[in-house]
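Colleague: The numbering used here applies: residue 227 is where the sequence shown begins, and numbers increase by one. All C-beta atoms in this analysis are idealised placements derived from N, C-alpha and C, irrespective of residue type, glycine included.
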Amino acid sequence: MFVHNVFFWLKEKDNEAAQQALLAGIKSLEAIESIESVYIGTPASTRRPVIDATYSFAEILVFADEAGHDVYQVHPLHKKFVEECAHLWEKVVIYDVEA
């Protein structure tokens, strides 16, 4: 299993239109065939010193293997998402995990 964890920080955190545009863009990725499971959300209400809750949205994508992830990276829907939404975020952090 290959898990792609992506965290987005919006440039304008309080801009509702920007929030909705980024969320719609993230959701558009669900149509990519090599993705087995998708989880999209915002920071949970838990607060402890080891928790970073400063991000705006997270997406967790599960693939069968790294090859499935590689298909996703070059997929036209992924390229379109980056092209149309990159102006909305100030930072993206990715953690890839093999299980």
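Taking all protein chains shown into account, decide if Tyr265 is buried (16 or more other Cβ within 10 angstroms of its Cβ) or exposed.
Modeller: Counting from one through the sequence shown, the residue named residue 265 turns up at place 39. Exposed.
Colleague: For Glu316, which residues of its own chain have a beta-carbon under 8 angstroms away from its beta-carbon, when the five flanking residues on both sides are left out?
Modeller: Indexing the sequence shown from 1 puts residue 316 at position 90. These residues qualify, in order along the chain: Trp235, Leu236, Lys237.
Colleague: On the three-state DSSP scale, how would you describe Tyr281?
Modeller: Here residue 281 is taken as the residue at index 55 of the sequence shown, counted from 1. Coil, per DSSP.
Colleague: Verify the CB distance criterion: does Ser271 have a CB-CB separation below 8 angstroms to chain D?
Modeller: No chain D appears in this structure, which consists of one protein chain only.
Colleague: DSSP three-state label for Ser271, please.
Modeller: Looking up residue 271 in the sequence shown gives position 45. Three-state DSSP puts Ser271 in coil, outside helix and strand.
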